[in-house]
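Trainee: These protein sequence lines map, in sequence, to chains L, B and R.
With our numbering, letter number 132 in the first sequence gets 132, and the count goes up by one each step, no holes.
With our numbering, letter number 230 in the second sequence gets 1230, and the count goes up by one each step, no holes.
With our numbering, letter number 16 in the third sequence gets 2016, and the count goes up by one each step, no holes.
Cβ atoms here follow ideal geometry from the backbone N, Cα and C, with glycine treated the same way.
Take this structure, written in structure tokens, and hold onto it; I'll ask about it next.
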Amino acid sequence: MDPILQIKNLKMYYHTSKGAVRALDDISFDLMPGETLGLVGESGCGKTSMGCSILRMPTPPGRYESGQILLNGRDIIPLPEKEIRKDIRWEKISMVFQGAMNCLTPVYTIGKQMTETLNEHRQMEPKEAKELITEYLGLVGLPGDVMNRYPHELSGGMKQRVVIATALFLKPQIVILDEPTTALDVIVQSQIINLLKKLKKTFNLSFIFITHDLSLEAEVSDRICVMYAGKIAEIAPNEVVYGGDGPAHPYTRKLLEATPRLHQKVEHLNFIPGTPPDLIDPPKGCRFNPRCDLATDKCREEVPPIQEIGPGHYAACWHCHQKGA
Amino acid sequence: MSFRDFGYWLKDFWADFRKEKSGLVGIAIIAIAILVVIFEPLCLPWEETNSKWRSISYWQDNSPSAPPVWTNWFRSKKAAETARLTKGKREMVELDGGVKMVSETFTYDFQADEAPLDLIFHCTGTGENVNVSFEVTRPDGQTIELAQRLEQGLQAADVRLSAENDGRDAAFTFLKGVETEANMSTLSNESLRATHIIFNTARSGMSRDFKPLKGKYIFTAKSMLLDPETDKIDKPFVVVTGSVSGILGTDNMKRDIFSGLVAGLKWALLIGLLTSIVSVLVGVVYGVVSAYYGGKVDSVMQFIFQIFNSMPVLPILIVLSAIFKPTIVTLILVMVIFFWTGPVMTVRSMAMQIREETYIEAARALGASNSRIIWKHMVPILIPYSFADMALSVPSAIVYESSVSLLGLGDASIVSWGQILHEAMEGSAILNGIWWWIIPPGLLIAILGMAFAFLGFAMDKILNPKLRTR
Amino acid sequence: MYKWFAVKRIFKGIVMYALLIFIFSILFNSVNETTQKAQIEEQVRMESQRLKGTKAADIQRFQRERRESLYKLYRFDRPLWERIVLRTVNILTFNFGKSTIMKSQTGERDVLTIIGEAIPRTLLLFLVAAVFEIGIGIVVGLKKAQHPGGHMDRTTSMITMILYGMPTWWVAMLFIMLFVYQLKWFPSGGLHTVPPPTGAAYGWDMVYHMILPLFTLIIIGFWGVSYMIRNLVLGTMQEDFIMAARARGIPENRVLFGHTLRTAAPPIVTMALLSLLGAISGAIIFEGIFSWPGLGNLYWVAVQQNDIPVLMADLSISTGLYQAGLVILDLIYGFLDPRVKVGGKA
């Protein structure tokens, strides 16, 4: 099976007056059709930039430095904006934002915004459009008259469902979900997650699920991709990370350790000392070395490449390479 | 926030602020203005401008509505500049009978193409019988004894001898000696200025047109001190009244406009700074108190706020001034009463957020009183945000005062820029094209306003990150 | 939802206005009453003129009686607070009385007529100016927001700051010196030439007189509007929903006008109207310089001629217009912002 999306050595920097922020620094991973790839990391590690970059919409002053984004084998970075808007963005790849936050224009009704999006991509009679929208609203569990409401009249959960419906109604292949359940309470969160799972099966979608919540990733993702300081630390199947021996990379291990378990006795809370590094001037060698208790001189000098250390298991750490093949 | 914290904040702030060039320009202008105010006595060409603005005698030697001196640059025929000769040579000769004769000699280099408007000698005289005379020696060697006066019973009084007032006859006598009969008959004593004769090249036809006699003129004032013990002549000086005068010319009451503007600077700064600082401080405290107490207190305070917010400032200001005739201090007070509403809304919403912060709760748990929380924890945080507001209110305050003064309703005892413009309107300056009266005061208001705008916008950019454009 | 909001707001405005007038009545009580008493004296004297030929003692008695009855009419025999309330009610019902000296165009001394003539002239000048200022301001402001930090943005912002403290009426003085007296292109002021032309020429004559004041207002006014619009649009453009709209494939044009501008419309309209209100209330000097016989100029004339009734009435009407403006502003904001119109937290 060929991957539906391939990110190859992608570099995307934000050029600010204080210097270039290396938000995505040589990122490579694949997305297989029908899988959910979880993207995990601390705040400021670059995962939000990832979402926008895949849509070929880096937030200004971001710019692609090098690398490729191959959609079905075709690099979308050099394509003209018009073509991206017509064919790629929202047609093949769409995004579910944090609905509970500010991603719906407050002065237009839901219906108007969804219709507007629809009309940009398809030629439809107003009646047809209305039918389609109502159908998808139904799919996410919302009544049709939501179309006449303004965003502020809806609860966080309802807005999230609207955003999901909007992301799906053009039947894209890939959906990027950027923290879709943050800022929602736990009950609504589980409802949304179940909804997403159902829709994925119905429409045979591939998800890129971005979050900082490890427990959530455990539930939804087939594979986990851990990012740190603009680079990939580890890519591993779900079972490897959450079961068995656990993850290989020290950072991932520490992340897991930092999550208290419900059924364990907690003496004191584990945490990762230090702060995320400055992306304008990152540490030399392995970016995690200042906070890693396994760091050696080699770690401080040379950047560890990503290497396969098991079936479908990749890690960028000098210690892991010794363990693996 | 302790002083040390404030120091750190200031250092950060300054590092950002330095990048805003316009802000630096603003500060520079304001600094210059403050320096001028501090050193006002040195900057004022006419030192007693503040107290003598309305006195006629102080300005009497100037010419009315005279353009600035530098306009001569643009003229082919140079007009005479008003000059003040204070350094004379004093000679004392003793005559018999113990009488002393004092003579003061002044040299004047006349290079203009047009005649001066008057030639005046001043001295401060004391004595029972003081005899003063004034004469001119021209470059062509001829001497005209312009005037002579005997003053009695002087007690350090000003003695003034002017060519136009006292020296016409002498000038005319001189003229008669040179001019033709025919030309003389067409003249009357009133039609010709004495200076037109004094500074004119002696020739027939000189009454018809003016050919400047350029060169060194010697003005001699002689006075006889009959009783040298008690009689005195002090502080002699000569004024050559030209038709261009001063750095910025004169108004129709012969007042030096540049002096008036320099004198007005301190009022502009005072009004602007005092109004904006006091009103913004009041506004911040008001907003914090209103947000902190919430509930009923907040509702009442908001209601009061609405009342003040609904009043159109200028009409009320004008009616109040028309009826109650305020002084500058009362005017500032009234303006504060209007201006304090400015920052209240933003401060209130920010204060409401701070109120929910845990450290406030902690402070309360530790037993801090309400006023302590307000004054020590909330107000100091919000004040920096209001700095931009303060700077940006200054121009409005200055313009309001100018507007009120322009209508003639301002404090008449001070010289403010608005006052000067009011007098310009009364003196039909627009109609008569007296641009040097109209342009400078308004220009200064605009420049000072601009300086504070630069300052305020630069501060706003730093303290309000949403507006950053990277 | 909206109707209820509108009614509440209008009601609040009226209450506020009444309160303000009440405060004014208290504040200016002594002045008003002095003027009233003077007017009574004048009336009494006028009436006694007609009694020529009667004995002096009789005249005096008549005067005393008339004076007393007039005092009764104006409630001078009643306690202070009652007089104040009466005056408040009078003003609220537009019962302004007679002026001391000033006359309307038709020669009347009825203050209401005098003011009534002046209002439309002020509104004409300032509303037309506002339309242009806002129009140009929007165009320039949007251009600035599209290239923030760029050349045009920085230049126009610089000019805005330079003009920030510049009194419009001073610029008016300069323009008059230049265009009226130096170049002689325009008349020096007033509404028409004297005597005013008739027919179609009347309109053109007024337009001719309006050009210079309009030009002055617009050329100074649009900078502030454009700066403010630029900031509001820029601030809105950084919101998440704008990025989301772009992600959904909405073309840049529609993102700018449809989403950004429309969302920023409520605060934009608010600020534009506020500056219009500010301009009108500050029009006093400006109209005076141009001798434009509007509400502002009336202050000038009333102050010079010491005509208190006109001054008071002018103040009341100005405050009333200002209040009405604030109410209209809130109503428009509420209409444009669905969060207010359809309820919920704004």
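Comparing C-alpha positions only, which one of His15/L, Leu184/L, Phe29/L sits nearest to Gly157/L?
Mentor: Leu184/L
Trainee: What does a CB cutoff of less than 6 Å around Ile2317/R pick up in its chain, not counting 5 residues either side in sequence?
Mentor: Counting only Cβ-Cβ distances below 6 Å, and skipping sequence neighbours, we find Ile2115.
Trainee: With respect to the beta strand (DSSP E) encompassing Phe1110/B, which residues constitute its N-terminal and C-terminal limits?
Mentor: From DSSP, the beta strand (DSSP E) with Phe1110/B extends over 1100 to 1110.
Trainee: Determine whether the beta carbon atoms of Ala1163/B and Thr1195/B lie at a separation below 7 Å.
Mentor: Cβ atoms of Ala1163/B and Thr1195/B: closer than 7 Å.
Trainee: What is the DSSP secondary structure of Ala2247/R, counted as helix, strand or coil?
Mentor: helix
Trainee: Do the stretch 1391 to 1401 of chain B and the stretch 1208 to 1228 of chain B meet, that is, are 3 or more Cβ pairs less than 8 Å apart?
Mentor: Three or more beta-carbon pairs separated by less than 8 Å are not found between the stretch 1391 to 1401 of chain B and the stretch 1208 to 1228 of chain B, which leaves the two stretches without contact.
Trainee: Which of the residues in the stretch 1442 to 1467 of chain B, read from start to end, lie with their CB under 7 Å from any CB of chain R?
Mentor: Those would be Gly1442, Ile1445, Ala1446, Leu1448, Gly1449, Met1450, Phe1452, Ala1453, Phe1454, Phe1457, Lys1466, Leu1467, in chain order.
Trainee: From what residue to what residue does the beta strand (DSSP E) around Tyr13/L run?
Mentor: 5 to 16
Trainee: Give me the Cα-Cα distance between Thr1173/B and Thr1071/B, rounded to the nearest whole angstrom.
Mentor: 35 Å
Trainee: In chain B, what lies closer than 8 Å to Ser2281/R by C-beta?
Mentor: Pro1312, Val1313, Leu1314, Pro1315
Trainee: Check each candidate in Ile1373/B, Arg1348/B, Met1350/B and name the one with the smallest Cα separation from Tyr1359/B.
Mentor: Ile1373/B
Trainee: Evaluate Met2016/R with the Cβ neighbour count: other Cβ atoms within 10 Å of its Cβ, from every protein chain shown; 16 or more gives buried, anything less gives exposed.
Mentor: buried
Trainee: Going by DSSP, what residue range makes up the beta strand (DSSP E) through Thr115/L?
Mentor: Careful: Thr115/L lies outside any beta strand (DSSP E), inside the alpha helix (DSSP H) at 110 to 121.
Trainee: Buried or exposed for Arg1470/B, please, with buried defined as at least 16 other CB atoms from any protein chain shown within 10 angstroms of its CB.
Mentor: The predicted model places Arg1470/B with a pLDDT of 34, which falls under 50 and marks its position as unreliable, so this point remains unresolved.
Trainee: Using a Cβ-Cβ distance cut-off of 7 Å, determine whether Arg1988/R contacts chain L.
Mentor: Outside the modelled stretch of chain R, which goes from 2001 to 2346, sits residue 1988/R, for which no answer is possible.
Trainee: Is Ile2101/R helix, strand or coil by DSSP?
Mentor: Of the three classes helix, strand and coil, the one that applies to Ile2101/R here is coil, per DSSP.
Trainee: Identify the continuous beta strand (DSSP E) that holds His313/L and give its terminal residues.
Mentor: 313 to 315
Trainee: Could you tell me whether the Cβ of Val2015/R comes closer than 7 Å to any Cβ of chain B?
Mentor: No, because no Cβ of chain B sits closer than 7 Å to the Cβ of Val2015/R.
Trainee: For Ala2346/R, name the three-state secondary structure that DSSP assigns.
Mentor: Its pLDDT being 39, under 50, Ala2346/R is placed unreliably by the model, and nothing is read from it.
Trainee: Please determine if the stretch 1280 to 1292 of chain B and the stretch 1327 to 1346 of chain B are in contact, where contact requires at least 3 C-beta pairs separated by less than 8 Å.
Mentor: yes
Trainee: Under the assumption that Asp107/L contacts Pro2251/R (Cβ atoms under 8 Å), give the Cβ distance between them as a whole number of angstroms.
Mentor: Note on residue identity: the sequence assigns Val, not Asp, to residue 107/L. Between Pro2251/R and Val107/L the Cβ distance is about 18 Å, and since that is not below 8 Å, they are no contact.
Trainee: Determine which residues of the stretch 2302 to 2320 of chain R have a Cβ less than 9 Å from any Cβ of chain B, and write them out in chain order.
Mentor: Ala2302, Val2303, Gln2304, Asn2306, Ile2308, Leu2311, Met2312, Asp2314, Leu2315, Ser2318, Thr2319
Trainee: Name the chain L residues that come within less than 9 Å of Met2243/R, Cβ to Cβ?
Mentor: Cys52, Met57, Thr59, Phe97, Cys103
Trainee: How about Ser221/L and Asn238/L: do their beta carbons lie closer than 7 Å?
Mentor: yes
Trainee: Would Gly1177/B and Trp1417/B be called neighbours here (beta carbons separated by less than 7 Å)?
Mentor: no
Trainee: Report the three-state DSSP secondary structure of Glu128/L (helix, strand or coil).
Mentor: helix
Trainee: Could you work out which residue in Glu120/L, Thr16/L, Trp90/L is closest to Arg63/L when comparing CA atoms only?
Mentor: Thr16/L
Trainee: What does the alpha-carbon distance come out to for the pair Thr1143/B and Phe1219/B?
Mentor: 9 Å
Trainee: Hey, quick one: how far does the beta strand (DSSP E) through Cys1123/B stretch, first residue to last?
Mentor: Note, Cys1123/B: beta strand (DSSP E), 1118 to 1137.
Trainee: For Glu1996/R, which residues in chain L fall below 8 Å Cβ to Cβ?
Mentor: Residue 1996/R lies beyond the range of chain R shown here (2001 to 2346); nothing can be said about it.
Trainee: Could you work out which residue in Ala1412/B, Leu1443/B, Leu1444/B, Thr1241/B is closest to Pro1116/B when comparing CA atoms only?
Mentor: Thr1241/B
Trainee: Smallest Cα separation from Asn1062/B: which of Leu1407/B, Thr1250/B, Phe1324/B?
Mentor: Thr1250/B
Trainee: Would you check whether the ligand GTP has a heavy atom nearer than 6 Å to the C-beta of Val1099/B?
Mentor: This structure simply doesn't include the ligand GTP, nor any ligand for that matter.
Trainee: What residue does the alpha helix (DSSP H) around Thr2236/R start on, and which one ends it?
Mentor: For Thr2236/R, the uninterrupted alpha helix (DSSP H) segment begins and ends at 2200 to 2237.
Trainee: Among Trp1267/B, Phe1324/B, Ile1257/B, whose alpha-carbon lies nearest the alpha-carbon of Val1037/B?
Mentor: Trp1267/B
Trainee: List, in order along the chain, the chain B residues whose C-beta lies closer than 8 Å to that of Trp2300/R?
Mentor: Leu1407
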